[in-house]
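Heads up: the sequence lines are chains A, B and C, in that order. First residue of the first sequence: 1, per the UniProt record's numbering; consecutive thereafter. First residue of the second sequence: 1, per the UniProt record's numbering; consecutive thereafter. First residue of the third sequence: 1, per the UniProt record's numbering; consecutive thereafter.
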Amino acid sequence: MTVTEWESLLDRTSFIELDARERAKALLDEGTADELCGPFDRIESPWLEPQGVVPQADDGVVVVKGLLDGRRVVVIGIEQAFQGGGIGEVSGAKIAAALSLAARDSRAGTPTAAVLLLETGGVRLQEANLGLATVAEVCAAVLELRALQPVVGVIAGALGCFGGVSIAAGLCTTLIMTAESRLGLDGPEVIESEAGIAEFDASDHPLIWSIDGGTQRVRTGLADALVLDDVTALRSAVAGAVRQGVPAEHRSRRIGELRARLEAVDPAHPPAPSELAAVWGRPAQSEGDQG
Amino acid sequence: MSRGLKWTHALADGAVHDVVPSVITAGCTLGDDTARLVTVVPDPDSPFHRARAGEVGLREGLAIAEAVTEVVAADERLPDGRRRPIVAVVDLPSQAYGRVEELLGIHHALAAAVDAYATARTAGHPVLSLIVGNALSGGLLAHGLQANQILALDDPGVVIHAMHKQAAAKVTLRTVAELDELAKRFPPLSYDVGDWAKLGLCDELLTVENAGEPTGADLTKVRNALVAAVVRARKGPRDLSNRLNSPGAMKTRAASRRIHEELAKQWG
Amino acid sequence: MRTLSYEFPADRPAARRSHVGVVGSGDLEVLMTPANGNARVRVRTSVDGFDTVWRTVLERFFARHRVAASFELNDFGATPGVVTLRLRQAIEEGRA
Chain A
1 MTVTEWESLL
11 DRTSFIELDA
21 RERAKALLDE
31 GTADELCGPF
41 DRIESPWLEP
51 QGVVPQADDG
61 VVVVKGLLDG
71 RRVVVIGIEQ
81 AFQGGGIGEV
91 SGAKIAAALS
101 LAARDSRAGT
111 PTAAVLLLET
121 GGVRLQEANL
131 GLATVAEVCA
141 AVLELRALQP
151 VVGVIAGALG
161 CFGGVSIAAG
171 LCTTLIMTAE
181 SRLGLDGPEV
191 IESEAGIAEF
201 DASDHPLIWS
211 IDGGTQRVRT
221 GLADALVLDD
231 VTALRSAVAG
241 AVRQGVPAEH
251 RSRRIGELRA
261 RLEAVDPAHP
271 PAPSELAAVW
281 GRPAQSEGDQ
291 G
Chain B
1 MSRGLKWTHA
11 LADGAVHDVV
21 PSVITAGCTL
31 GDDTARLVTV
41 VPDPDSPFHR
51 ARAGEVGLRE
61 GLAIAEAVTE
71 VVAADERLPD
81 GRRRPIVAVV
91 DLPSQAYGRV
101 EELLGIHHAL
111 AAAVDAYATA
121 RTAGHPVLSL
131 IVGNALSGGL
141 LAHGLQANQI
151 LALDDPGVVI
161 HAMHKQAAAK
171 VTLRTVAELD
181 ELAKRFPPLS
191 YDVGDWAKLG
201 LCDELLTVEN
211 AGEPTGADLT
221 KVRNALVAAV
231 VRARKGPRDL
241 SNRLNSPGAM
251 KTRAASRRIH
261 EELAKQWG
Chain C
1 MRTLSYEFPA
11 DRPAARRSHV
21 GVVGSGDLEV
31 LMTPANGNAR
41 VRVRTSVDGF
51 DTVWRTVLER
61 FFARHRVAAS
71 FELNDFGATP
81 GVVTLRLRQA
91 IEEGRA
């Protein structure tokens, strides 16, 4: 590392260490953040307290409207520390409603993009079927807005993005990850519990990150940008993604590519995670692409 | 023979086709329409060993996306009101839990299926779900929950949930008996389809004579219900807002409705 | 889960409402809303059996900081040190 690189390393402000509200505000232009349905509105989950679980006043999702490099965006952040970022009735409805309102404004001539901070284990089991239903509504709302304005997904922390919300991540216009973060449908513990340790050893951290980790997801094209855990770097990556606008074809529409990718792999003898990018014909990327 | 397979064959006008061995499609006359049925079925010989019992895995996600997209592309030039209904016949234990699934990005394959169904819905195709058996978790998200009309059989063999009971007990550190007890007090936790129908997500709960072996009367009843659902879908919204405005949702999803109202108010 | 309510004498009005913390492991959120009269505290805690500890911690805090406001504490097993820290942050942010 050069002296300049060390200096920039020491100058970093960790994004991961911020809570969801701070993350949302850190992405927006100074003085433009306007939080909606915040803690003082006290729209809590109606299902937690009766089950003996302490609710959070904003149900673990913050919705902050503002400007990012002068463009209108709504940042929707999941608070990973509350119930593992689990999506319940209220938190899921909040995400879906905010996306739909951004779509409404975009249709009416006020383009409004969305940034989703996706730190979650998936559906909150204390709200089971309503959580599942709202995740379907979140997916529908991502698709509604995505046709008009970018929906930029960010997965920053080690909790990662799992469960049904990983499907919403797959629908995002652009997906930004850090090397610390993870993305997958089912977490290692769930797979080990369902299928046994021979299928997935949930204590094998190198294995987990070799499959679900941000570096691998970007290398294999399941995410778009690998960014350092730094507020400035993430902010500039998100702003860049918003600037790029709506692509001609979204990742989740590239069915032919998905078919080719599945045909390229023998599921009985899958490649090592490190070989997958090459099997799929993805160019090797260097660490220099970070940032 | 799985319930999904039986109902698909029973409802099909003629031949049932494989997109892949685990995803089948068929034409089905519904009034003036010929709907396309799409069903995930077990494939004991699947090379994906975690997706042999009817789970929605990588190739199932892809095959659903292909089958649905094909219908949308074929009907592209038809006027809105003539676009074919698509019926997801749902009988699936879950998504496929496996290592190769995660390696290859099963979330992405399921996103392709979700995208395809939602695209069909917004293009004006009535997208219907007919739940005849189990409908769990990510599997249901990929195959069922993007529909603008959801019908389910009122039968103990129909279980709709975010996670199967044993796993849910483990994760929430409760016994199965405790979960059952909780489910009596909290409808979203219940494994009973009658309770699920009260959440506001179900457009019609259908009582049949034999959910496992549909009788002639059952088929007539379900077909009529599907025809009525097509009419409602064509008249109704193309987003999922009907699930928030249904009589069940008025009661059970009061908090969701409050969020939508309050957020719209503060949004300006 | 336990819900506890306390009231302490207060004479310094809070200037504005404030919110700090999250309901995450070892932490709590505090919602402070200015109000006339006493400091009214409602605690919802995930940990049962610490009623006396709560009383002691809160008595000590509000003896030193006589802030007239309502305090809603949603706790997920915070230590007394963290509780005091969050309360201090809340009144700090609630100053004009």
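Heads up, the beta-carbon is just placed ideally off N, CA and C, and yes, glycines get one too.
C-beta neighbour in chain C for residue i, strict 8 Å
i, result
"A:V73", "no"
"A:F82", "yes"
"A:D19", "yes"
"A:G113", "A quick correction: the sequence has Ala, not Gly, at residue 113 of chain A. A:A113 does not count as touching chain C."
Three-state class that DSSP yields for residue i in the structure shown
i, result
"A:Q56", "coil"
"A:I87", "strand"
"B:C28", "strand"
"B:L145", "coil"
"B:R222", "Just to set this straight, residue 222 of chain B is Val in the shown sequence, not Arg. If DSSP states are grouped into helix, strand and coil, B:V222 belongs with the helices."
"C:F61", "helix"
"B:K198", "coil"
"C:T56", "helix"
"B:R238", "coil"
"B:M250", "helix"
"B:A264", "helix"
"A:Q149", "coil"
Contacts that residue i makes with chain E (C-beta to C-beta distance below 8 Å)
i, result
"B:Q146", "In summary, chain E is missing from the structure at hand, where the protein chains are A, B and C."
Any C-beta of chain B under 8 Å from that of residue i
i, result
"A:L234", "no"
"A:L171", "yes"
"A:D289", "Reliability fails at A:D289, whose pLDDT of 47 lies under 50, so the model's placement of it is uncertain and the value that follows must be treated cautiously. Output row for A:D289: interface = no."
"A:P267", "yes"
"A:P206", "no"
"A:W209", "no"
"A:P247", "no"
Contact with chain A by residue i, beta-carbon distance below 8 Å
i, result
"C:V53", "no"
"C:E5", "It should be noted that the sequence gives Ser, not Glu, for residue 5 of chain C. Cβ-Cβ to chain A under 8 Å: no for C:S5."
"C:T45", "yes"
"B:H25", "A quick correction: the sequence has Thr, not His, at residue 25 of chain B. Taking Cβ atoms only, chain A never reaches closer than 8 Å to B:T25, which makes this a no."
"B:K170", "yes"
"B:R243", "yes"
"B:R258", "yes"
"B:E178", "no"
"B:T69", "yes"
"B:I160", "yes"
"B:L263", "yes"
"B:A255", "yes"
"B:L130", "no"
"B:A197", "no"
Closer than 9 Å at the beta carbon, the chain C residues around residue i
i, result
"A:E79", "V22, V23 and G24"
"A:A57", "H19, V23, E29, L31, E72 and N74"
Listed by chain order, chain A residues near residue i by CB distance under 7 Å
i, result
"C:F76", "V54"
Cross-chain neighbours of residue i in chain C, by beta carbon under 8 Å
i, result
"A:P39", "H19, E29 and L31"
Interface residues of chain B facing residue i [CB-CB closer than 9 Å]
i, result
"A:Q51", "L182, R185, F186 and L189"
"A:L183", "G105 and H107"
Burial state of residue i, where buried means 16 or more other Cβ atoms lie within 10 Å
i, result
"C:D48", "exposed"
"residue 301 of chain B", "For chain B, the structure presents residues 1 to 268; residue 301 of chain B sits outside this window and is missing."
"B:R59", "buried"
"A:G288", "Because the pLDDT at A:G288 is just 42, under 50, the model does not fix this residue reliably, and the value given afterwards should be weighed accordingly. Exposed: under 16 other Cβ atoms inside 10 Å."
"B:A225", "buried"
"A:L10", "exposed"
"B:N242", "buried"
"A:K94", "buried"
"B:A177", "exposed"
"A:Q83", "buried"
"B:L173", "exposed"
Within chain B, the residues that residue i reaches when beta carbons sit closer than 8 Å
i, result
"A:S252", "H108, A111, A112, V114 and D115"
"A:G160", "Chain B residues near A:G160: none, gap ~11 Å exceeds 8 Å."
"A:R261", "L104"
Under 8 Å from the C-beta of residue i: neighbouring residues of chain A
i, result
"B:L240", "A136, E137 and A140"
"B:M163", "V123, L125 and A128"
7 Å Cβ cut-off: residues of chain B touching residue i
i, result
"A:A195", "R50, Y97 and G98"
Proximal chain A residues relative to residue i, where beta-carbon distance stays under 9 Å
i, result
"B:L5", "Ordered by position in chain A, no residue passes the 9 Å Cβ test against B:L5, which lies about 23 Å from the chain."
query = Given a limit of 9 Å on CB to CB distance, which residues of the stretch 25–37 of chain A reach chain C?
reply = Legend: CB atoms of the stretch 25–37 of chain A lying less than 9 Å from CB atoms of chain C are not found in any residue.
request  = Check each residue of the stretch 33–66 of chain B: if its Cβ is closer than 7 Å to any Cβ of chain A, include it; give the result in chain order.
outcome  = Cβ contacts with chain A come from P47, F48, R50, L58, R59, L62, A65 and E66.
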